[in-house]
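And the structure:
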């Protein structure tokens, strides 16, 4: 009797496995990609019947994709396009191998190749694929489309608040902080805090790689000083509850992965500089940035606009946004993405 | 496999020298605070020390016990995976005259996750195969703290308790993953215990 009872419990826990491929207009499919023993969760959500896919590259290194899905940041895009949310290796809810010693950006680019191949295997090879990278994901996206072979796999690419040249990073954060900070000090708004940030940034020489971390930390803190200049996010309590309690977000695995990925990629990422290769970008490209993004100052989006050789460049400065325009100006952001995809798919 | 799990749970504690009565219990086990699950456990006291009140003869003031426990934990994350863990555990339990008790435990065991999904497995030669996802095997270390009440602990009774489990699961992406789980549950004394004073 006891054995039977335990057997029933085990059977309930051993859920049946089946491949679910949906082709409708309101789809949510979930599957995994396993490579080098790294297990990457993928969610395909939205209009699969459109045969147009937008792959989201989340921030980080070591961020996670469920925040974009659960807070419905691409809600309007999902109506027209299948949005592909996936946790990169050593990120979010991904599991398995995460070899810190050999972790490279190249691994992440290869994973995008494989994801595109798997999407073709699941949904057909006559699909239009777009790439959208945010923050660290923006760096990855810009890096990915330097290759002509990879550009050929895509109909277009969005680089949103990405950084492609860390040699300029501290100068750019400092310049922006000095300019906006001084205007805030003159207006007697958070005078002491702004002055502290200006002083702290002035002390960073850039000779130590830790200076980049310090500048990045200050840049993240600054955004909270400018909330009056940003559009309020359209986030409901229900979204927050759903995110923490009923989504694929796992607070401990995400936190662990963030620490791990940052540790494993920091040296390479802090020396990342592809500014002299941006001319290789020829596919349609959208370069979006928040006006008050101190984390990835608008300088970088402008460089992509100015240096790429794309036949179609859509540059947008989101006037009421910080580092995440898809949060601050969600409706406008979705409209821009939809329009770009409609034009190039 | 199922027979082995059943054997470990049911038989191992009974193989130990019988010094006192066993407890059978069940907890609601909420992995990460929200993922619903249950913990079934079977206790076997290894050693019991009773301290009597010096002023009032024969009045028990404290029972301290060393206990071995077999845990079977199962939980379900709505979006991620279900999992089971089998964890033998050593506990220290202190039960005072007012029938309140505290338990501190530490165990090391086996954690297995299960996913209701398919995986596209990329082999070194670049070929892609679709496979049912088997989940992960990992080691797990469990730390338990519980407080509760045993209304009539010298005789038989149902005791209730609340507690917090913290666990370390590894390797997880070459790292050790921290987890927490609030517990609330009851335990039942399997055989009436008699005390000769």
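Protein chains in written order, with the numbering used here: chain A, -2 to 342; chain B, 1472 to 1668. Glycine included, every Cβ here is placed at the ideal spot set by N, Cα and C.
| Asked | Found |
| --- | --- |
| Using a C-beta to C-beta distance shorter than 8 Å, which residues of chain A count as neighbours of residue 1536 of chain B? | In chain order: nothing, as chain A lies at least about 25 Å away. |
| Quick check on the DSSP output: the alpha helix (DSSP H) that includes residue 1520 of chain B runs from which residue to which? | From DSSP, residue 1520 of chain B is part of no alpha helix (DSSP H) but of the beta strand (DSSP E) over 1508 to 1523. |
| Name the DSSP beta bridge partners of residue 1574 of chain B, please? | B:1564 and B:1617 |
| Of all the options A:39, A:46, A:266 and A:36, which has the alpha carbon lying nearest to the alpha carbon of residue 21 of chain A? | A:46 |
| Quick one: what's got a C-beta closer than 6 Å to residue 1532 of chain B's C-beta in the same chain, skipping five residues either side? | 1522, 1524 and 1568 |
| What span of residues does the beta strand (DSSP E) with residue 1604 of chain B cover, start to end? | That residue, residue 1604 of chain B, is in no beta strand (DSSP E); it is neither H nor E in DSSP. |
| Which chain B residues sit within Cβ distance under 8 Å of residue 41 of chain A? | Here the premise fails: no neighbours, minimum Cβ distance about 12 Å. |
| Assuming residue 1617 of chain B and residue 1606 of chain B form a contact by the criterion Cβ under 8 Å, report the distance between their Cβ atoms to the nearest whole angstrom. | At roughly 28 Å, the Cβ-Cβ gap does not stay under 8 Å, so residue 1617 of chain B and residue 1606 of chain B are not in contact. |
| Check the Cβ-Cβ distances between residue 81 of chain A and every residue of chain B, and say whether any is below 8 Å. | no |
| Quick check: the Cα distance between residue 1659 of chain B and residue 86 of chain A, rounded to an integer number of angstroms? | 46 Å |
| Provide the residue span of the alpha helix (DSSP H) that contains residue 119 of chain A, from first to last. | 102 to 120 |
| How would you call residue 156 of chain A, buried or exposed, if buried means at least 16 neighbouring beta carbons within 10 angstroms? | buried |
| Where does residue 1604 of chain B land, buried or exposed, given buried means 16+ other C-beta within 10 angstroms? | buried |
| Given a cut-off of 8 Å, decide if residue 310 of chain A and residue 304 of chain A are closer than it, judged by their beta-carbon atoms. | no |
| Establish whether the CB of residue 1422 of chain B and some CB of chain A are separated by less than 8 Å. | Because chain B is modelled from 1472 through 1668, residue 1422 of chain B falls outside the range shown and cannot be assessed. |
| Within its chain, find whatever has a CB closer than 6 Å to the CB of residue 1629 of chain B; leave out the 5 residues flanking it on each side and keep chain order. | 1657 and 1659 |
| Which residues in chain A have a C-beta closer than 7 Å to the C-beta of residue 1496 of chain B? List them in chain order. | Near residue 1496 of chain B there are no residues of chain A at all, since even the closest Cβ is about 15 Å away, more than 7 Å. |
| Which whole-angstrom value is the C-beta distance of residue 330 of chain A and residue 286 of chain A, which I expect to be below 8 Å? | Incorrect: roughly 11 Å between the Cβ atoms, too far for contact. |
| Just to confirm the assignment, what range does the beta strand (DSSP E) spanning residue 1540 of chain B have? | 1531 to 1547 |
| Assuming the contact rule is C-beta atoms closer than 8 Å, residue 292 of chain A and residue 216 of chain A should be a hit. Round their C-beta distance to whole Å, please. | 5 Å |
| Starting from the C-beta of residue 1578 of chain B, find all residues in its chain whose C-beta is less than 8 Å away, skip the five residues before and the five after it, and write them out in chain order. | 1540, 1542, 1558, 1559, 1560, 1561, 1612, 1613 and 1615 |
| Using a Cβ cut-off of 8 Å, pull out every chain A residue sitting near residue 1599 of chain B, in sequence order please. | 111, 114, 115 and 118 |
| Can you give the Cα-Cα distance for residue 1649 of chain B and residue 1639 of chain B, rounded to whole angstroms? | 5 Å |
| Kindly indicate which three-state DSSP category residue 86 of chain A falls into: helix, strand or coil? | coil |
| Give the secondary structure of residue 1503 of chain B by DSSP, where H, G and I count as helix, E and B as strand, and everything else as coil. | coil |
| For residue 1649 of chain B and chain A, any beta-carbon pair shorter than 8 Å? | yes |
| Taking C-beta pairs closer than 7 Å, name the residues in chain A that residue 1588 of chain B reaches, listed in chain order. | 14, 27, 28 and 29 |
| Kindly indicate the opening and closing residues of the alpha helix (DSSP H) around residue 322 of chain A. | 322 to 325 |
| Name, in chain order, the residues that DSSP records as bridge partners for residue 343 of chain A. | Examination of residue 343 of chain A is not possible in this model, given that chain A is present from -2 through 342 alone. |
| Can residue 1503 of chain B and residue 219 of chain A be called in contact, C-beta distance under 8 Å? | no |
| Let me know the secondary structure DSSP gives residue 49 of chain A once reduced to three states. | strand |
| Is it buried or exposed, residue 255 of chain A, if we count other Cβ atoms within 10 angstroms and call 16 or more buried? | buried |
| Should residue 1488 of chain B be labelled buried (16 or more other beta-carbon atoms within 10 Å of its own) or exposed? | Low confidence applies here, because residue 1488 of chain B scores a pLDDT of 36, under 50, leaving its location unreliable; read the following figure in that light. Under this definition residue 1488 of chain B is an exposed residue. |
| Residues of chain A with CB under 8 Å from residue 1503 of chain B, in chain order? | 247, 248 and 249 |
| Got a sec, what are the start and stop residues for the alpha helix (DSSP H) residue 197 of chain A sits in? | 188 to 199 |
| Compare the C-beta of residue 1499 of chain B against all C-beta atoms of chain A and say whether one is closer than 8 Å. | no |
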